[in-house]
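Structure, as structure tokens:
So, in structure tokens, the structure goes:
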């Protein structure tokens with residue numbers, strides 16, 4: 020049983036570019052959340068997707084958007100990249116009414 | 004706003020000693036408190052969690068205690084081993100939300 024997977028593992032972009040990160044949830048999980056983890060800090064909640072809709076959102080600008088597909092996989096899109104967007108982007112999944120979230124290995128984004 | 008404070012930021016112990024990490028949360032509606040262990044370059048891994056209707060939970064060498072009145076919760080690791088060395092994050096979330104609010108992390112070093 021595969022856990023949460025993310026792609027790519029690493030990515031380098033320049034300011035102003037756009038990026039798409041991908042996440043496949045753990046088998047049987049239907050809810051996906053995205054977090055941003057800056058170096059030396061705890062993860063910060065970006066948003067959550069359930070039934071292909073954004074259900075909750077953290078304190079992130081509209082440049083951050085997402086999508087969930089019918090197979091529960093998800094994408095995180097970031098437009099007009101800033102240097103400050105450099106971070107580890109983590110995807111977490113859970114099943115239905117269960118509270119426990121399981122994290123993927125993350126995508127490390129570097130914006131130059 | 005919602006906030007989780009975590010102390011200490013670094014903790015060094017001798018192998019076999021105990022380690023205690025403390026967190027305080029601000030939102031009295033918080034009812035779920037997981038602890039994650041993150042090794043360098045790896046995903047956060049859930050090590051133990053507790054819900055607000057429970058005061059204490061233990062899993063082998065790891066235990067978590069919760070004081071709802073004081074809005075404090077703590078992680079206790081007994082008989083520490085070098086492989087316990089990692090960054091530990093506490094987190095809190097409220098009812099009907101996936102938004103985990105993380106602490107700033109504690110870097111635990113266990114010396115042989």
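Protein chains in written order, with my numbering: chain Z, 20 to 131; chain D, 4 to 115.
We treat Cβ as the ideally placed atom computed from N, Cα and C, and that holds for glycine.
Contact between the segment 17-30 of chain D and the segment 81-93 of chain D is present: three or more C-beta pairs spanning the two stretches fall below 8 Å. For a Cβ distance threshold of 9 Å, residue set 100, 101 and 102 of chain D lies close to residue 67(Z), ordered along the chain. Taking 9 Å as the CB threshold, residue 33(Z) stays off the interface with chain D. By a beta-carbon distance limit of 8 Å, residue 37(Z) contacts residue 97(Z). Their separation comes to about 7 Å.
Contact between the segment 96-110 of chain Z and the segment 60-68 of chain D is absent: fewer than 3 CB-CB pairs across the two stretches fall below 8 Å. Per DSSP, residue 93(Z) is one residue of the beta strand (DSSP E) stretching across 93-97. Boundaries of the beta strand (DSSP E) harbouring residue 85(Z): 83-87, taken from the DSSP string. A contact between stretches requires three or more CB pairs, one per stretch, nearer than 8 Å, and the segment 106-117 of chain Z meets this requirement with the segment 46-55 of chain Z. The residues 7, 8, 9, 26, 92, 93 and 94, in chain order, have a CB closer than 8 Å to that of residue 106(D) in the same chain once the five nearest residues on each side in sequence are set aside. Of the candidates 80(Z), 25(Z), 122(Z) and 85(Z), the residue whose Cα lies closest to the Cα of residue 70(Z) is 85(Z). Close to residue 52(D), with beta-carbon spacing below 9 Å, are these residues of chain Z in chain order: 118 and 119. When rounded, the separation of the alpha-carbon atoms in residue 74(D) and residue 15(D) is 26 Å. Its chain contains 126 as the residues whose beta carbon lies nearer than 7 Å to that of residue 27(Z), once the 5 sequence neighbours on both sides are disregarded; these appear in chain order. When the alpha-carbon of residue 56(D) is set against those of 64(D), 69(D), 46(D) and 49(D), the nearest one is in 69(D). Looking at 100(D), 86(D) and 103(D), the one whose alpha-carbon comes closest to that of residue 110(D) is 86(D). By the 16-neighbour rule on beta-carbons within 10 angstroms, residue 98(D) is exposed. In terms of CA proximity to residue 79(Z), 95(Z) leads the group 91(Z), 43(Z) and 95(Z). If the five residues before and after residue 89(D) are omitted, its C-beta is found closer than 7 Å to the C-beta atoms of 40, 41, 42 and 111, all from its own chain and listed in chain order. Not a single C-beta of chain Z is nearer than 9 Å to the C-beta of residue 28(D). For residue 97(D), the enclosing beta strand (DSSP E) has its first and last residue at 89-97.
Annotation: residue 25(Z) to residue 118(Z) spans about 21 Å, alpha carbon to alpha carbon.
In terms of beta-carbon proximity, residue 107(D) lines the interface with chain Z, with at least one pair separated by less than 9 Å.
Leaving aside the five residues that flank residue 71(D) on each side, the residues in its chain whose CB is nearer than 7 Å to its CB run, in chain order, 55.
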